[in-house]
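Presented below is the structure to which this report refers.
Residue numbers (the numbering used here): 129 to 669.
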């Protein structure tokens, strides 16, 4: 906690680096000494990109009931489509994309990713069975894996540290806004498609309401990509290898079984043996759960994602020890990220199931439900991002643990609104409860994203954002929606499935408290000293 004595080992590490080595040279921070008009323009574009990101991510939840009707899917299948199909490939490619974003033009990479995920969202409208739809969702995950590391790294370069939490909060407000837009627009399309298509060419009426929704949601992102591609980098990129070689090198670090090549190069046969033992352990757990539940695709996908993450962490320890030391090698970072992943699972999972739940339980039309929940989510997300960012920036000046405490508030605070929503039969009451749930559940996001960026060195920011997004994504989307759907399928009650989310509180609270106790005694100088001790080139600090 704040005020506790620094451990002797920490003093020794800090002493190993000179004060000059711990201070970024002026040319590194000059571009972010103040907020410029172009930085605000860039933030607006990144906000829109993230908005499309989350519209395309959440649209499957909006059309879930119609998909289940036409493709004859269970709640567990819907949970897989709403979470795991997207999250697994997002996770496998996410960290590699972070490393790529630290090496090449982030704006070009981001624009390319926007084209991919928007195109795959539109392609979802052509799906004809569970497998083809799951494949399209996998493609969305691959494209969106590019978004977070590029955008958060760019924001950290465009904005000075004193304004970074607010900028991150504005950027991340697009997440619930995208969910809200998906509800409003998607609900309206589904409700009115039968009459709208009568005014369009006859072949379009062959599309079902959910297929039309995917097409309408996906295509505009391709237009936005052209503008994003023209966005300029806030500082020059020191690219030492051709882009193709960088992409191949980094993706082979995270995509099994290509990981064996890099592991052998870095650590020889011993590294391969350790990795095989790791894979065997993960496979045993994943296959055991799959056999128990009967959901083989779900747990094989989660197992592949876990193997990718573990293999990349093993390689990182051998290839970039300073980055490893500040992420996987830091108990503070590990505790914080696990706690954040469980906090995120609360909001992400209910966000995925909120509209299907309301459609089943409240008896209102899809357009009404989409409008009510979309408006509530819109107001909640904007106010939560702004107030949460301002509160954290002020709180953090007095207590560096503020981002972690805000995550704890966002885990416990939404419980009462959740209970109200699960008990009511009134759409208005449900929408009011949804507002308070979203407001409390999302207040931590900008603060925590800024904390992750502040906890590493400038050259590591995109990769750190990718690591954070990867773990949170695998847990919150990879397991959360499926778990609620599975409980619903087993009990015959979606209400019971949603209530199962409350188990996250006793699971996540200890990790957040443990992280907070450590964050208070870790200064930027100390973290920089750890990086130097691990072999960081002083000239990069």
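All C-beta atoms in this analysis are idealised placements derived from N, C-alpha and C, irrespective of residue type, glycine included. Here the structure is a predicted model, which is why all the values come from computation and not from measurement.
Quick one, which of the options has its alpha-carbon nearest residue i's?
| i | options | result |
| --- | --- | --- |
| residue 570 | 553, 483, 515 | 515 |
| residue 316 | 334, 341, 301 | 341 |
| residue 723 | 586, 561, 521, 618 | Because the chain in this structure spans residues 129 to 669, residue 723 falls outside the shown range and cannot be described. |
| residue 346 | 244, 412, 297, 332 | 244 |
| residue 518 | 297, 627, 614, 529 | 297 |
| residue 363 | 233, 455, 451 | 233 |
| residue 182 | 458, 271, 376 | 271 |
| residue 242 | 217, 274, 393 | 274 |
| residue 235 | 280, 205, 425, 406 | 280 |
| residue 631 | 379, 540, 168 | 540 |
| residue 360 | 286, 405, 393 | 286 |
| residue 495 | 207, 312, 543 | 312 |
| residue 561 | 278, 482, 535, 214 | 482 |
| residue 162 | 197, 251, 250, 292 | 292 |
| residue 414 | 423, 335, 427 | 427 |
| residue 407 | 396, 642, 430 | 430 |
| residue 656 | 451, 323, 213 | 451 |
| residue 207 | 619, 641, 608 | 608 |
I'd like the list of long-range same chain contacts for residue i, defined as Cβ closer than 6 angstroms, with 5 residues on each side in sequence excluded.
| i | result |
| --- | --- |
| residue 449 | 662, 663 |
| residue 530 | 520, 523, 524 |
| residue 143 | Its pLDDT being 40, under 50, residue 143 is placed unreliably in this model, and the value from its coordinates should be taken loosely. For residue 143, where only same-chain residues beyond five positions count, there are no Cβ hits under 6 angstroms. |
| residue 456 | 441 |
| residue 158 | Bear in mind that the predicted position of residue 158 carries a pLDDT of just 38, short of 50, making it too unreliable to give a figure here. |
| residue 461 | 455 |
| residue 310 | 183, 186, 187, 190 |
| residue 195 | 338 |
| residue 635 | 470 |
| residue 387 | 439 |
| residue 652 | none |
| residue 591 | 226, 227, 230 |
| residue 193 | 484, 487 |
To the nearest angstrom, report how far apart residue i and residue j are at their CA atoms.
| i | j | result |
| --- | --- | --- |
| residue 445 | residue 453 | 8 angstroms |
| residue 246 | residue 437 | 26 angstroms |
| residue 283 | residue 170 | 8 angstroms |
| residue 329 | residue 267 | 29 angstroms |
| residue 476 | residue 261 | 21 angstroms |
| residue 566 | residue 478 | 10 angstroms |
| residue 551 | residue 506 | 23 angstroms |
| residue 164 | residue 354 | 23 angstroms |
| residue 304 | residue 563 | 11 angstroms |
| residue 370 | residue 399 | 28 angstroms |
| residue 403 | residue 472 | 29 angstroms |
| residue 513 | residue 300 | 7 angstroms |
| residue 237 | residue 490 | 43 angstroms |
| residue 650 | residue 424 | 43 angstroms |
| residue 269 | residue 331 | 29 angstroms |
| residue 251 | residue 264 | 6 angstroms |
| residue 447 | residue 377 | 12 angstroms |
| residue 606 | residue 380 | 22 angstroms |
| residue 220 | residue 375 | 14 angstroms |
| residue 351 | residue 604 | 30 angstroms |
| residue 405 | residue 643 | 29 angstroms |
| residue 602 | residue 648 | 28 angstroms |
| residue 492 | residue 554 | 9 angstroms |
| residue 419 | residue 412 | 11 angstroms |
Kindly list the residues whose CB is nearer than 8 angstroms to the CB of residue i, restricted to its own chain and excluding five residues on each side of it in sequence; keep chain order.
| i | result |
| --- | --- |
| residue 646 | 459, 460, 463 |
| residue 568 | 512, 537, 538, 541, 542, 545 |
| residue 510 | 301, 305 |
Please list, in chain order, all residues of the same chain as residue i whose beta carbon is under 7 angstroms from its beta carbon, the five residues on each side excluded.
| i | result |
| --- | --- |
| residue 167 | 286, 287 |
| residue 173 | 355, 356, 359 |
| residue 201 | 195, 258 |
Using beta carbons (cut-off 9 angstroms, strictly below), is residue i in contact with chain B?
| i | result |
| --- | --- |
| residue 321 | This model lacks chain B altogether; it includes just one protein chain. |
Exercise. Do the region 170-179 and the region 467-474 meet, that is, are 3 or more Cβ pairs less than 8 angstroms apart?
Worked result: Two segments are said to touch when three or more pairs of C-beta atoms, one from each, lie closer than 8 angstroms; by this definition the region 170-179 does not touch the region 467-474.
Problem set entry | At least three beta-carbon pairs within less than 8 angstroms, the region 531-547 to the region 214-230 | Look at the beta carbons and you see the region 531-547 not touching the region 214-230: under three pairs across the two are nearer than 8 angstroms.
Exercise. If you pair each beta-carbon of the region 183-194 with each one of the region 580-594, do three or more pairs fall below 8 angstroms?
Worked result: These segments do not touch.
Exercise. Pairing CB atoms from the region 251-258 with CB atoms from the region 609-628, are three or more of them under 8 angstroms?
Worked result: Touching, no, given that fewer than three Cβ pairs across the two stretches are closer than 8 angstroms.
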